[in-house]
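All remarks here apply to the structure that follows.
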Amino acid sequence: MSVREATRLTAPAQVAPAAADRPRQKRRDGQWWVPWLFLAPALVLFVYFKFIPMAQAIGMSVQEVRPYLGNTWVGGANYAEVLGSDGFRSAAWNTIVLAVGQTFGSMLLGFCLALLVEGQTRKLTFIRSAAFLPVVVPLAVVAELWRIMYHPTGDGLINQVIGLVGLGPSGFINDPHTSLASIAVTGIWRGAPYDMMIFLAGLAGIDRGLYEAATVDGASTRQRILHVTLPGLRPVFAILFVLAAVRGFRTFTEVFLLTNGGPNGSTEVVMTLIYKLGLEQSRLGVGSAGAVLLFGATLVLTVCVQLLRRRRAA
Amino acid sequence: MSAATETALGLTESKGIGARLAKFVIYAGLFTVFAGPLLALLVGSFNHVSDPTQLSVVPRTPTLDNFRIAFDHGVLRYLLNSFFVVGFGLLLQVAVSVLAGYALARKKFPLMTLVMVAILATMMLPEEILALPLTLVLADLPLVHLNLMGTLAGMIVPLGAWAFSILVMTEFMKDVPRELEEAARIDGAGELRIFGQIILPLCKPALGVIGVFGFTMIWDQYLLPLLVAQNSSAYTLPLALRTLRIDPAVTPGVVLAASLLALLPSVLVFLFFQRSFARGLTSGALKG
Chain A
1 MSVREATRLT
11 APAQVAPAAA
21 DRPRQKRRDG
31 QWWVPWLFLA
41 PALVLFVYFK
51 FIPMAQAIGM
61 SVQEVRPYLG
71 NTWVGGANYA
81 EVLGSDGFRS
91 AAWNTIVLAV
101 GQTFGSMLLG
111 FCLALLVEGQ
121 TRKLTFIRSA
131 AFLPVVVPLA
141 VVAELWRIMY
151 HPTGDGLINQ
161 VIGLVGLGPS
171 GFINDPHTSL
181 ASIAVTGIWR
191 GAPYDMMIFL
201 AGLAGIDRGL
211 YEAATVDGAS
221 TRQRILHVTL
231 PGLRPVFAIL
241 FVLAAVRGFR
251 TFTEVFLLTN
261 GGPNGSTEVV
271 MTLIYKLGLE
281 QSRLGVGSAG
291 AVLLFGATLV
301 LTVCVQLLRR
311 RRAA
Chain B
1001 MSAATETALG
1011 LTESKGIGAR
1021 LAKFVIYAGL
1031 FTVFAGPLLA
1041 LLVGSFNHVS
1051 DPTQLSVVPR
1061 TPTLDNFRIA
1071 FDHGVLRYLL
1081 NSFFVVGFGL
1091 LLQVAVSVLA
1101 GYALARKKFP
1111 LMTLVMVAIL
1121 ATMMLPEEIL
1131 ALPLTLVLAD
1141 LPLVHLNLMG
1151 TLAGMIVPLG
1161 AWAFSILVMT
1171 EFMKDVPREL
1181 EEAARIDGAG
1191 ELRIFGQIIL
1201 PLCKPALGVI
1211 GVFGFTMIWD
1221 QYLLPLLVAQ
1231 NSSAYTLPLA
1241 LRTLRIDPAV
1251 TPGVVLAASL
1261 LALLPSVLVF
1271 LFFQRSFARG
1281 LTSGALKG
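Chains as they are written, first to last, in this note's numbering: chain A, 1 to 314; chain B, 1001 to 1288.
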């Protein structure tokens, strides 16, 4: 998204003004330092809170960080330790499972929701707003609420509900077999309505004439979805995939609050592990190596999807 | 006009008793799944919920005890902290984005491409990943050597660097016609005047978008405040929920009451500014 965006945004800048325009151009744009003055606050804040921390993360990842004693260069040792530790590998695996589960769960459910609530009636507007509410509820509240709903005994709220159809009672977040799936369900509950809204915007952009043409040609609803709606939504799927996957990789709050990695490490994800390494064990070098790897994974994923989209578009 | 209401599934067109019943069941189900838990939260915060099994959407004996106990545990303080952070954080974020957007949209200068790419690149840099090194920067700000750890200011200043808002402002400001600006310049208006009285007033829809998105984003912040606040006096309300839950003397009902206070501001902002919200969702995600 952003690379493409950038080229589009800056395209006009590359068109050099004709020589005859130069004097007027100069007067119109004022002094050379004017834009920099407007940019100054942003530049200072971005350098301080984005670029310096990023450089520091990379720097620390190749050092042993010892507060007050000075850091020592250790090269790839932190990376080797991270990649070699069972804890990190299982956290990375959990992160991927969670990200994949949440991404596809949210997209699938969001797509179905969008199809169901598409339309202009007042009733549908109401349903849409109600369904969207989870997205604007702070994640910390979502986690605390689901913690209560996931109460592991038979009279917990969700256990009562699934008991109606003869299931359960389940331990949910307290049972190592269901804990990761339970967190994914909570994530889908909050992610699906977001995806729904984006899908709705995409649905609104589909040419109505195509639907009409399909109906005239005697296409069934299923055929209409398959051959008109889905192809029309292809760019939306790509964008949602990247957004949701990146969101999945950086998951921290809901895991921290629902299970804090437990029970038995069954829900430990990369971010909760980094948090523990960095804060509780003061192992900033190793924690940073983990963070840099996570960033690398995010970057690779984003670039891959961009390239795939480019190729398909070309 | 039937063509205008045509949808992918064509649900709105389906009539007849069976179809209506099916639709009712579907929509009731949707409502229950997504709004039901929040309804249970609302009901629970006004009821005695002494253990998690008593969570229900059916009100029993209404009470304000949960809120009273929550306030006894300092929830008002945490709420004020949250409002302080969101107020100043949003002010900073919007001011920075509007100024930067003006330069990027209305000026041509060397290195502009580089600046734009650098700012946009940070959108791929999840803030969680930066959180740990960010706390080191906050503990000793380069050049000025200030320590912002443990202060609300430490949660606020990093919020100023938010690429999404700059992107939205830049895109929007680009569409303001040059003629307006040139006419003002001929009338002798200075740079600040053009910015403040010509461009900015025309950007209200974009200001709405970055305001609403900024608010919900800041209100939802968790890891950064968690790392910056070194003790509970600097906690924001979302952070305090966990402290409340861990306290054995506090019932789930009290946690629900505090949760209600923690979700109301962003839910209200969403309900009041739904149009800005929808516009931002599509402008932020669908381009490219």
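Glycine included, every Cβ here is placed at the ideal spot set by N, Cα and C.
A straight-line Cα-Cα distance of about 14 Å links F1024 (chain B) and T121 (chain A). Residues of the segment 1208 to 1221 of chain B whose Cβ lies closer than 9 Å to any Cβ of chain A, in chain order: T1216, W1219, D1220, Q1221. At least one beta carbon of chain A lies nearer than 9 Å to the beta carbon of I1166 (chain B).
The straight-line gap separating the alpha-carbon atoms of A1121 (chain B) and A1163 (chain B) is approximately 8 Å. Nearest to L1239 (chain B) by C-alpha distance, out of B:G1036, B:G1044, B:I1026, B:R1077, is B:R1077.
Annotated as proximal: F1084 (chain B) and L1152 (chain B), with beta-carbon spacing under 9 Å. W146 (chain A) sits in a helix when the DSSP states are folded into three classes. A check of alpha carbon separations from R234 (chain A) across A:R312, A:V34, A:R66, A:V246 identifies A:R312 as the nearest. Along the segment 1242 to 1270 of chain B, the positions whose C-beta sits under 7 Å from a C-beta of chain A are R1242, R1245, P1252, V1255, S1259, A1262, L1263, S1266, V1267, F1270, read in chain order. As computed with DSSP, E64 (chain A) is found in a beta bridge with A:T72. Contact check for T178 (chain A) and G171 (chain A): beta-carbon distance about 6 Å, within the 8 Å limit, so the pair qualifies. Distance from the CA of I1246 (chain B) to the CA of S282 (chain A), rounded to the nearest whole angstrom, comes to 24 Å.
About 37 Å separates the beta carbons of L45 (chain A) and A114 (chain A), which is beyond the 8 Å limit, so they are not a contact pair. Of all residues in the segment 1021 to 1038 of chain B, the ones placed with a Cβ closer than 7 Å to any Cβ belonging to chain A are I1026, Y1027, L1030, F1031, F1034, A1035, P1037, L1038, in chain order.
Boundaries of the alpha helix (DSSP H) harbouring P41 (chain A): 34 to 46, taken from the DSSP string. For H151 (chain A), the closest Cβ of chain B is nearer than 9 Å. Contact of K1107 (chain B) with chain A is assigned, a C-beta pair being separated by under 9 Å. Beta-carbon to beta-carbon, I183 (chain A) and T259 (chain A) are separated by about 7 Å, close enough to satisfy the 8 Å threshold.
A contact between stretches requires three or more CB pairs, one per stretch, nearer than 8 Å, and the segment 1080 to 1097 of chain B meets this requirement with the segment 39 to 54 of chain A.
From the listed residues A:V34, A:M149, A:A130, the smallest Cα separation to P1052 (chain B) is found for A:M149.
The segment 1056 to 1065 of chain B and the segment 1106 to 1120 of chain B do not touch, with fewer than 3 CB-CB distances between them shorter than 8 Å. P1265 (chain B) sits buried, since 16 or more C-beta atoms from the chains shown fall within 10 Å of its C-beta. Annotation for G1036 (chain B): the continuous alpha helix (DSSP H) segment containing it runs 1017 to 1045. Contact annotation, I1210 (chain B) with V1168 (chain B): C-beta distance approximately 5 Å; criterion of less than 8 Å satisfied. Between E1006 (chain B) and chain A, the shortest Cβ-Cβ separation is below 9 Å. Assigned with DSSP and collapsed to three states, I1198 (chain B) falls in helix. Interface with chain A (9 Å Cβ-Cβ cutoff): Q1274 (chain B) is included.
With three or more CB-CB distances shorter than 8 Å, the segment 1023 to 1039 of chain B counts as touching the segment 131 to 151 of chain A. At a C-beta separation below 8 Å, W32 (chain A) has these neighbours in chain B: F1109. DSSP places C112 (chain A) inside the alpha helix (DSSP H), whose first and last residues are 86 to 117. Taking 7 Å as the upper bound on Cβ-Cβ separation, chain B lies near residues L133, P134, V136, V137, P138, L139, A140, V141, E144, L145, I148, M149, H151, T153, D155, G156 of the segment 132 to 156 of chain A. Neighbours of Y1102 (chain B) in chain A, taken as residues at a C-beta separation under 8 Å, are given in chain order as F38.
DSSP places V242 (chain A) inside the alpha helix (DSSP H), whose first and last residues are 234 to 249. Residues of chain B whose Cβ lies closer than 7 Å to the Cβ of I127 (chain A) are, in chain order, Y1027, L1030, F1031. Residue range 1075 to 1106 is occupied by the alpha helix (DSSP H) that includes Y1102 (chain B). The beta-carbon of V228 (chain A) is placed less than 9 Å from the nearest beta-carbon of chain B.
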